[in-house]
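To convert, take the position in the sequence shown, counting from 1, and add 40; that gives this note's numbering.
Heads up: the structure comes next, in structure tokens.
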Amino acid sequence: MSIRVVTPPSAVIVKPSDLAGGYQDTDVQAQAVIAAVTETIDGPTGWLGRAIGPQTLELTLDGWHAHRHHHHWHEHPHAFRLPCPPIIAVESVIYLDTDGNEQTVDATDYAVTDNLLWFTPVWTAPTLGCFPEPIRVQYKAGYNGTDGAAEGEAQTGAIPARVKQAIMLTSQHMLNVGTENLFLREVQVPDVETRQFTVTDQASALIEQTCERLLGGLRVYA
């Protein structure tokens, strides 16, 4: 099983001007620190286990595995837990048949409850081709506000205030104590200095430690 981001979130959760210290929204350093902090929390690469900004994800699977539905304590014959809730909508379920051709499961054959994708009792799992991860589930996840969801999409609500607060506090802390250098990698080219920002292991650990109290209740464990 693997998961990747197909379309990253475009919504801005925190702007530099939201931080104390008079930062302008055009401040590149503040933007980079905020982006690094957000990336460490959000989506498949984040430690929180949730999608924050709306994004399209793709889950690939080896087979039609059974999933224990913990709420009802029984085995569902064909169901998958979709990582990084909240789930807005499943866009497609595609698999490779024995000839290696892509086939799409009809949307009437499955539904989503919370973050569980389950198939109807009358649905028969098709035979898969012998290929690595022949099943692909593409879906939208994240907080898409309190209104305006498209037809067939769940309205997952506003981004929790404590998520914004955690990003703001951590970004502010990084900028205040000068640890933005934990994010900085400089690449020298002739007559030009190119700055690229990345998250080191040390910075990642500091972010998680700073955010844990605020976001512990939202954390999703695999």
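Even glycine gets a Cβ: it sits at the ideal position worked out from N, Cα and C.
- Item | Neighbourhood of Tyr-6 by C-beta distance below 7 Å, restricted to the same chain and skipping five residues each side | In the structure as shown, the chain starts at 41 and stops at 262, and residue 6 therefore has no counterpart that could be examined.
- Do Leu-99 and Leu-122 have their C-beta atoms within less than 8 Å of each other? As a position in the sequence shown, residue 99 is number 59, starting the count at 1. As a position in the sequence shown, residue 122 is number 82, starting the count at 1. For Leu-99 and Leu-122, yes; Cβs fall inside 8 Å.
- Message: On the DSSP bridge list, what partners appear for Ala-151?
- Response: Counted from its first residue, the sequence shown places residue 151 at position 111. DSSP lists Trp-158 as partners of Ala-151.
- Item | Beta carbon of Ile-175 nearer than 8 Å to that of Leu-97 | Working through the sequence shown from its first residue, we reach residue 175 at position 135. Working through the sequence shown from its first residue, we reach residue 97 at position 57. No, the pair does not count as a contact, with Cβ atoms beyond the cut-off.
- Query: Excluding five sequence neighbours on each side, which residues of the same chain lie with their C-beta closer than 7 Å to the C-beta of Ile-127?
  - Reply: One-based indexing of the sequence shown puts residue 127 at position 87. Excluding residues within five positions, the ones whose Cβ falls inside 7 Å are Val-152, Asn-155, Tyr-179, Ala-181, Ala-194.
- Message: Just to confirm the assignment, what range does the alpha helix (DSSP H) spanning Ala-76 have?
- Response: Walking along the sequence shown from the start, residue 76 turns up at place 36. DSSP places Ala-76 inside the alpha helix (DSSP H), whose first and last residues are 68-81.
- For the alpha helix (DSSP H) that contains Ile-205, what are its first and last residues? Position 165 of the sequence shown holds residue 205. Just to set this straight, residue 205 is Gln in the shown sequence, not Ile. That run of the alpha helix (DSSP H) goes 201-216.
- Message: In whole angstroms, give me the CA-to-CA distance for Leu-254 and Ala-165.
- Response: On the sequence shown, position 214 is the one that residue 254 refers to. On the sequence shown, position 125 is the one that residue 165 refers to. If I take the Cα positions, the gap works out to 42 Å.
- Item | Residue span of the beta strand (DSSP E) that contains Tyr-63, given as start and end | Along the sequence shown, one-based indexing puts residue 63 at 23. Counting along the chain, Tyr-63 falls outside any beta strand (DSSP E), and DSSP gives it neither H nor E.
- Query: For Ile-199, which residues of its own chain have a beta-carbon under 7 Å away from its beta-carbon, when the five flanking residues on both sides are left out?
  - Reply: Position 159 of the sequence shown, counted from the first residue, corresponds to residue 199. Once the five neighbours on either side are set aside, the close Cβ partners of Ile-199 are Ile-53, Ile-92, Tyr-183.
- Task: Using three-state DSSP, classify His-105 as helix, strand or coil.
- Result: Mapped onto the sequence shown, residue 105 falls at position 65. When DSSP states are grouped into helix, strand and coil, His-105 belongs to the coil group.
- Count the C-beta pairs between the segment 70-78 and the segment 55-62 that are closer than 8 Å, then say yes if the count reaches three, no if not. yes
- Item | Span of the beta strand (DSSP E), counted from its first residue to its last, around Phe-171 | Within the sequence shown, residue 171 is the residue found at index 131, counting from 1. Where Phe-171 is concerned, there is no enclosing beta strand (DSSP E), given that its DSSP letter is neither H nor E.
- Query: Is the distance from the Cβ of Phe-120 to the Cβ of Val-177 below 8 Å?
  - Reply: Working through the sequence shown from its first residue, we reach residue 120 at position 80. Working through the sequence shown from its first residue, we reach residue 177 at position 137. Taking 8 Å as the Cβ cut-off, Phe-120 and Val-177 qualify as a contacting pair.
- Message: Could you give the first and the last residue of the continuous beta strand (DSSP E) run that contains Ser-42?
- Response: Numbered from 1 along the sequence shown, position 2 holds the residue referred to as residue 42. Per DSSP, Ser-42 belongs to the beta strand (DSSP E) from 42-47.
- Span separating the alpha-carbon of Ile-185 from that of Val-46: Taking the sequence shown and counting its residues from 1, the one referred to as residue 185 is at position 145. Taking the sequence shown and counting its residues from 1, the one referred to as residue 46 is at position 6. Looking at the sequence provided, one finds Gly at residue 185 rather than Ile. Cα to Cα, Gly-185 sits roughly 21 Å from Val-46.
- Query: Where does Arg-253 sit, in a helix, a strand or coil, going by DSSP?
  - Reply: Translated into positions along the sequence shown, residue 253 becomes position 213. In the structure shown, the three-state DSSP call for Arg-253 is helix.
- For Ala-129, the first and last residue of its enclosing beta strand (DSSP E): Here residue 129 corresponds to residue number 89 of the sequence shown, with the count starting at 1. Note, Ala-129: beta strand (DSSP E), 127-136.
- Where Gln-212 falls, given that 16 or more other Cβ within 10 Å makes a residue buried: Counting from one through the sequence shown, the residue named residue 212 turns up at place 172. By the 10 Å Cβ count, Gln-212 comes out buried.
- Would you call the CB atoms of Gly-103 and Thr-138 closer than 8 Å? As a first step, residue 103 must be located in the sequence shown, where it is residue number 63. As a first step, residue 138 must be located in the sequence shown, where it is residue number 98. Taking 8 Å as the Cβ cut-off, Gly-103 and Thr-138 do not qualify as a contacting pair.
- Task: Grab the span of the beta strand (DSSP E) containing Ala-190 for me, first residue to last.
- Result: For the purposes of this step, residue 190 is taken as the residue at position 150 of the sequence shown. Where Ala-190 is concerned, there is no enclosing beta strand (DSSP E), given that its DSSP letter is neither H nor E.
- Message: Counting C-beta neighbours from all protein chains within 10 Å, is the total for Ala-129 16 or more, i.e. buried, or is it exposed?
- Response: For the purposes of this step, residue 129 is taken as the residue at position 89 of the sequence shown. Counting Cβ neighbours within 10 Å, Ala-129 comes out buried, since at least 16 surround it.
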